[in-house]
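> The UniProt record's numbering applies: residue 1 is where the sequence shown begins, and numbers increase by one. The beta carbon of each residue, even a glycine, is placed where N, CA and C say it ideally should be. If you're wondering where the values come from, they're calculated on a predicted model, not measured in any experiment.
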Amino acid sequence: MNPPASSRRNKKRSKNQLRIETLESRRLLAASLQSGSASIDGDHETDPWVQAMFHGPVMPGRPIPPVQGVAALVEEIPDSDFPIGSDEAESGPSQAPLFPLDETFKLHSRPDSNFTLYMDFDGHTTTGTSWNSSYGIPSIEHPNYWGGYGTTFSDSRLELIQDIWRVVAEDFAPFDINVTTEEPADLDDLRYSGPGDLRWGTRAVMTKDSFANCGCGGHAFIGAFDDPQDEPALVYNGGLYAGSETVSHEVGHQLGLGHDGVGNTTYYGGHSDWGPIMGAPFGKEVTVWNNGDYFNASNPDQDDLAVITRAENFPYLPDDYGNSFRFAAPLRESGGVNVEAFGIIERNTDEDWFKFSTGGGDVSINIDVLDVKPNLNVWAGLFNADREMILASNPGNSTSAFLQASLPAGDYLIRVDGVAQDGFYSGFFFNEPDPAPYTEDPPSGYSDYGSLGQYRISGTIVDTGDPTVSIAANSETIGEGGYAEFTITASDLSNGTVTVGVRGVRQASPGLPAPYSTEPQDFVGPLSQTVSIVNGVGVARFLTNFDGLPEGGEFFEAHIIDSGSYAVADRVAGMEIVEVLSTYAIEATDTVSYEGDPPGGSTHQFTINRIGPAGIANTIGWQRVYTGNTPADDLDFTSPQSGTVFFDVGETTKTLDVDVRGDFEIEFDENYTIELFIPTDGAFLLDAVDYLADGTILNDESILSLATTAQYRVRQVNHDNGASDNWAIDNFVITGTSIDDDFDSVIDPEVWDVIENATTANTFPGTDGNALFFSGTGQRSATTDPVAPQLGARANFSIIFADSNSGGLDATENGDDVVLEYSYDGVEWREIQRFDESQYPRWTDVSVVLPVDATFLPTVVEEGNSGPITRSVGIPRTGFLDKAVSVNWWIQPGGTNPVDVDDFVGGFASGVATFAPGQKTAYIDIQVQGDRDIENDETFQLIISSSTAGIIDNAVLNGTLLNDDFVLAEINVRGANDQPIEDGDPAAPGNGTDMGVVEVQADTRSQTFTIENYGSMNLDLSSVSITGAHSGDFSITQPPAAVVAPGGSTTFEVTFDPSAAGRRNARVLIVNNDPNESTFAFTVSGLATNLRVEQIQVNHGGRSRSQIESVKVIYNQPVNHQSLAGAFEIRNVSTGQSVGSIKATPADFNGRTEVLLTFETPNSVPVILDDGYYELRIRSGAAMSLGADPYPMLNDHLFGTDQSGAVDRADAFFRFFGDSDGDGDVDGQDYGRFGSTFLRPNTSPKFNDQFDADGDGDVDGQDYAQFGQRLLKTL
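1. Between which two residues does the alpha helix (DSSP H) harbouring residue 165 extend?
2. Between residue 497 and residue 540, what straight-line distance do the alpha-carbon atoms span, to the nearest angstrom?
3. Taking the alpha carbon of residue 130 as the point to measure from, which residue in 887, 232, 615 and 1048 has its own alpha carbon closest?
4. In this structure, how does DSSP classify residue 305 when only helix, strand and coil are distinguished?
5. Take residue 1154 and list the residues in its own chain whose beta-carbon comes closer than 8 Å to its own, dropping the five residues that flank it on each side.
6. Is the CB-CB distance between residue 913 and residue 923 below 9 Å?
7. Would residue 362 be called buried (16 or more neighbouring beta carbons within 10 Å of its own) or exposed?
8. Under the three-state reduction of DSSP, which class applies to residue 1105: helix, strand or coil?
9. Between which two residues does the alpha helix (DSSP H) holding residue 842 run?
10. Whole angstroms is fine: what's the gap from residue 45's alpha carbon to residue 411's?
11. Residue 1261: buried (16+ other C-beta within 10 angstroms of its C-beta) or exposed?
12. Please give the ranges of any alpha helix (DSSP H) in the segment 287-345, keeping only runs that are unbroken, at least 4 residues long and fully inside the region.
13. By DSSP, does residue 1069 sit in helix, in strand, or in coil?
14. Once the 5 residues before and after residue 1130 are set aside, which same chain residues still bring their CB inside 8 Å of it?
15. Report yes if the CB atom of residue 681 is closer than 9 Å to the CB atom of residue 550, and no otherwise.
16. When you compare the segment 785-800 with the segment 730-750, are there three or more beta-carbon pairs, one atom per stretch, that lie closer than 8 Å?
17. In or out: residue 294 buried (at least 16 other Cβ within 10 Å) or exposed?
18. To the nearest angstrom, how far is it from the Cα of residue 351 to the Cα of residue 507?
19. Can you list, in chain order, the residues of its chain whose CB lies under 7 Å from that of residue 1268, leaving out five sequence neighbours each side?
20. Could you give the C-beta distance for residue 1089 and residue 997, rounded to a whole number, given that I count them as a contact under 8 Å?
21. For residue 86, count the other beta carbons within 10 Å of its own beta carbon; 16 or more makes it buried, fewer makes it exposed. Which is it?
22. The alpha helix (DSSP H) with residue 254 in it runs from where to where?
23. Quick one: give me the first and last residue of the alpha helix (DSSP H) that residue 1228 is part of.
24. Between the C-alpha atoms of residue 904 and residue 1008, what's the straight-line distance to the nearest angstrom?
25. Please determine, among 368, 1015, 335 and 514, the residue with the shortest C-alpha to C-alpha distance to residue 464.
26. Using CA coordinates, which residue listed in 99, 125 and 240 is at the minimum distance from residue 372?
27. Looking at C-beta atoms only, is the number of pairs between the segment 942-954 and the segment 983-998 that lie closer than 8 Å three or more?
28. Can you give the Cα-Cα distance for residue 1122 and residue 761, rounded to whole angstroms?
29. Count the CB pairs spanning the segment 1177-1196 and the segment 1075-1083 that are closer than 8 Å, and state whether there are at least three.
30. What are the partner residues of residue 929, as DSSP defines its beta bridges?
31. Which same chain residues, not among the five before or five after residue 326, have their C-beta less than 7 Å away from its C-beta?
32. If we ignore side chains and look at the alpha-carbon of each, how far apart do residue 212 and residue 634 end up?
33. Is residue 624 helix, strand or coil by DSSP?
34. Measuring straight from C-alpha to C-alpha, what distance separates residue 612 and residue 402?
35. Hey, how far is the Cα of residue 92 from the Cα of residue 208?
36. Rounded to the nearest angstrom, what separates residue 89 and residue 146 at their Cα positions?
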C-alpha cells in the first residue's frame, strides 16, 4: 500500500507544497548607477533612456549583473539610437500551419529533458515571487498574448504561436532543455527545490504589461532560472520576429546573461542580417548567442554559451554524430535511392560526419536549416573514401547548403559544420579572414561562435545494383515488457549477417516537434545484435523493459548499423512501446461540505479514473487516512475506513462515496485523505501524483447562549511581524459601560483583559498625554473586560497609523489594517469595523455605533405606568449561521422577590424563537403589565431549551422588573443625540458637552440640553448657572422652565464663545428639589483656536511663473513641526493631478513658523511642475500649536482657488514656462529675457534657471523648443 515511485527522471517532490518563499528586497539599477561602485561583472545600462526607464531589482545573493533584465519595446521609438522592430502582435506566418492547430499547445522540442522552458500564451496569475514582493502586488493577473483574458484564439494567432515556438526551439536546440507550449502537469518542473532536485525550468509569460508600466518589450530577473518559485520571464513584444527574440532574450537574463550592446548603447541591433540575441536584433534573419567578438562590443567578456551551460542552468546535448570520418554515421536509406538524416550542431567545436554508398551517376544532397530565423550557417563538404574533398557548399546568400555531383560508384563521406560567414576552406579546416570583417568598422558577417542549431540532410543517390537488405517492423506497437520484432529481408534471398541496433527517435526536420522517445533503460539487454539472414529473411528481437512507471507511449527505431556484404535499401523502421497496464488516479469531485446534524450527515464524492489500456478487469484498493492540523477520525464517518473499487473490462471511471456522520459537537473543520493502493497481486499502476485526494468536513454547529456580556478588542490584521508597523489608540470608551481609558499615565487594569505588544507612550505626533502604542513582532491587540453596553452604545476612540516621533505611515502596507471586533465567548470574534491604515496617518477621532448583536437589551426592565408594555430580549447564536434553527422559551418566577402572574399580560409568556439562515440574533417580545404601584423590584427568569441546533451554552437569563413609581421628583438630563448625562459626568463629544473647535472672537457654538422629571411630583428648578475656571467663555443663552411636571421636560441652551485659545472648561450647575441630586452638575468644554495662515509666497515673492521652485507658508504663531507631516497638498487645477513630491522644511522666525515647500524626489532630484493653475490646500488638523493644550486651525486654508474650487487669479498660483513676469502670457518681453540667458553657462551672472525647462543645468535647444511652443500664447 505504499505510494508508487516517481518516474525514472526522478525529482524529490512534496505534493502539497504550497509554501511561498519570503524574498529579500532587490536593489534597483538606479541605485547602482548613482553609487558608481558596481561589480566589475555588472551589466550596467548606459543608454540614458534605458537608465531612466529600465531599472529593476536584482536576484539576492547572486554574483551576476545587479539589474532586472529588459528587452527593448519595438512599438515605440525612445531615441534615435534605439533599435526599431516592425512586427505587430497580429503578424504571423505567411504559410499554412506546419502542425494541426489543435496541437498548438502540445509542442515539445525535447520532451524527455529534465529542464523546461514553458511559453505560456493564454494568461497567468503570478503569486509568491519577486515580481509580487518588488512591486508590492500580492497577485498579478497577466492577460493573454493579445491583452485579453480568453483562451480561445483565431487560426492566425495559433499559427503565430507555432512559428514563435519554432524560432525559440532553434535558439535552444544545442542544449538539453525542452521548449514547450504545454504547461507541465507537475509545476515543480518549473521550480528548483535544492540539491537532489533533477528537474527544473522556467515560464515565459507571453502577455501585455498589466502592472509594471516599464515601457519595455519584456523583463526578467537575472539568474532566476533555478529559483525555488515559479518566477516567470515576462514577454510583451508581439509578432514573430520581436516576440520570439524577446523570449530568448529574457530567458537569457534568467540564465545569468547581461546585454550585448555597442559602445555606450545598451542594445546592439546587429549588422547586415545578423545580430546577438542579448541585444535587440529585431528584423534580423540570423540571431545567435554571442561572446562579444563584434566591433566595439559593450560586453566583450561575456561568454554566453559558458553562462548558459552552468550547473544551475542546463548542459549541452550529447553529440549526436561522430566528429571524425572514422566515426561517420550512415545516412538513412529508403527505397534504395533516397537518403536523409536529422542532426544538431551542438557546439562550435562540433562537426558531424556521414557516409553513403552509391552507384555511378548524379548525386544530389540538400543540407537544410530552419526556414525562418536559423542560428546555424552550414558548411557541407563531399569527400571520397580517401578523404579527398570533391566539392563544398556554403552559399553567401543562404545558411543552408547543397551538394550535387556526378560520381563514380563507390563510398563517400559528408562533413557538416557550423561556420562563420565570409570564411573559406583550406587544409581540411574552415578559416576566417584576418582581421575578421565583423571586428572592423563598419562590421560585416559573423563568427562561428553561435553558428549552432538544427539541420536536415535529404537527397537522392544511385542504386548500386548490388543485393540489398531492408528492415521493417512486425507491428506498429509493442506492449511494455514484450519483444519488439523486426524483419530483415535480403533482395537476393541469400544467407548473410547484419548488425541491427535500437535507439530513440528525434524530430525529422528542423522546427518540428519531437516525439516522446525511449531511453536505453527501456530495453533489457544489449541495444544491438547480429542477425542471421537465412534464405533472405532474418528477425531482430529486442526485449522491452517493464518498469512499472506510468509514462505513456514512447517511440524508438531499429536501424541497420552494419549491412555486411549488402547494400541497404531501407535502413530504419520505427515502433512505439505502449503501456500494458492501466494507471489509476483519484480526484476530489465534491469533497468539501458541512457535516450535517444527526441522525443525518453528508456524502463526499471522489472520482477514480483509469488511464491507458482498459482491456482487463482491476480491483483498486482505497483507504482513508487522517491528515492536516485538525484531522478527522473514524467516528466522523458512517462508511468503512477502507475498501475496494472494481473496474470491469472497458470501464474508465468510477465514483467513490464517503458518508460523513452528522453531530452536534463544537469542533474545528476536519481533514482526511483517500489514498489508492495496489492490493496483493494487483496488476496496474498508480499515478505518481494523483494517487490520493483530500476531503474536508466543515463544522456547522449553531451555539445558542443567553449571553449577558461581550468583550471588545482592537486588533491588527495581516501582520507581517515587522517591528516598524506602528499604530496607536487613545481615549478608548464604550459608552454606558466601565470601559473608559485615556492611558494617562498608565493602562487602567480595570478596563482591559488582555493587551498584546502594546505599551503607553507619548511619542506620536499630536498625542495628548499618553496613548496605547502597538509595536513588536507578534500579534497586536487590546481586549476589554466583559461588559454589557445597551442598544445604541458607541465605541469612541482616537487612532493613528504612524512611526513614533514622526507623522505619516511607516510600514503598515499590504492591508495591515486594524479591526474593531466583539465576542461572547472570547473564542469566536466578529468584525464591527475595519480601519484602513492609509486613511489614518494622523490622529483621528472615530465613533462607531455598536451593532445590535454587540449590545444587550437590559435585563432590568421598567414596568411602566399603564397598559401592556412590550419589552424585547435577544437570544444570540454563534458558530455556523447558514441554517435555520428554532428554540423553545418561557418566562418563570425566580430570584429573591419573584414576579407573579399579574405582572405580565396574559400570564407567564412562552413561545418558539426562530433563526433564519444567516440570522445572528432572534428577538422575543415580553408584554409587561404596567402600573402605578409603589413596590419593590421583582425578579424573573427567561429559560430556553430544545434547540434544533442541539447546543445551548447558557440556558437561563435572570431579569429584574424595575419599579418606576416614585413619590418625589426625579431629575434626568439628556444632551445631543438624546444621550444621557449623569451627575458629575466629564465633557464628552457624544452627548454635546464637548463642543469641539471654535475660533476665538470669530465664532460661537451652542448646545441644547433637556431636563426630564421621572418622579411623581413637580421638579422645581431653582437655578441653572455656569461656574469654573473659564465660566466667562460659556453662557446660558436660553434658560429652562422653572417647573417640570411629572413625566414632563424642558430645555436650556449653553453657548461657547471663547475669549482665548486653548482648552476651555466650565461646569453647569442645576439646583433642584430632587432629594438625591439637588445640585446636578456636569462639565462642558471646548477647544478654542486662533491659529491661521498669515501669508503665502510663491518663488520667494518673485513675479516669474516660468517655473514654480518654492512656496512659503507663514503661520501667525509657532506650530509643532512634527505635526506638519501631511499638512500640504498641491494639485494642478487643470489636470486634477496632485504633486507627489513635496518637501516641507519648517523654521521659526520672529515668533512665527515658516514652512518652505520645494519639489523633489526622495533622492533629492528636483521635480519640475507642469504648466497650469495650482491649488495649495493646507489641512487644518495637521498643524498644531505649541503648548500644553495644542489646537489646530478651524478650517482648511486654500490658496490658488476659492471654496468652490474655481481658480483665484489674484493669488497668481500658476506655472507657465517662459512667463518671466507672471502676467499669464509669453510675449516679447519674455522672449528678450530668454535670449539674454540662452546658451549661457550656469556660472554666468546672466544665467536664469527659470528658463531651464528640463532642469539639466543649462538653457539649450531643448529649452528653446519648449519656450517656442508657448511664445505669444496665454495660459
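With the given structure in hand:
1. 155-171
2. Residue 497 and residue 540 have their alpha carbons spaced roughly 11 Å apart.
3. 232
4. helix
5. If we look at residue 1154 and ignore the five residues flanking it on each side, its Cβ neighbours are 1112, 1113, 1114, 1115, 1146, 1147 and 1148.
6. yes
7. exposed
8. coil
9. Where residue 842 is concerned, there is no enclosing alpha helix (DSSP H), given that its DSSP letter is neither H nor E.
10. Note that residue 45 scores 34 on pLDDT, short of 50, meaning its location in the model is unreliable; the coordinates nonetheless yield the value given after this. The straight-line gap from Cα to Cα measures roughly 56 Å.
11. exposed
12. 304-308
13. strand
14. When the five nearest sequence neighbours on each side are left out, the beta carbons in the same chain lying within less than 8 Å of the beta carbon of residue 1130 are those of 1111, 1138, 1139, 1142, 1157, 1174, 1175, 1176 and 1177, in order along the chain.
15. no
16. yes
17. With 16 or more other Cβ atoms within 10 Å, it is buried.
18. 19 Å
19. none
20. Contact annotation, residue 1089 with residue 997: C-beta distance approximately 6 Å; criterion of less than 8 Å satisfied.
21. With a pLDDT of 36 at residue 86, under the threshold of 50, the modelled position of that residue is not reliable, and no figure is offered here.
22. 240-254
23. 1228-1237
24. Rounded to whole angstroms, residue 904 to residue 1008 spans 38 Å at the Cα level.
25. 335
26. 240
27. no
28. 16 Å
29. no
30. DSSP lists 868 as partners of residue 929.
31. none
32. 52 Å
33. strand
34. Those two C-alpha atoms are separated by around 45 Å.
35. Only weak support exists for where residue 92 lies, its pLDDT of 47 falling under 50; the coordinates are left without a value.
36. With a pLDDT of 39 at residue 89, under the threshold of 50, the modelled position of that residue is not reliable, and the figure given next carries that caveat. Residue 89 and residue 146: Cα-Cα distance of roughly 7 Å.
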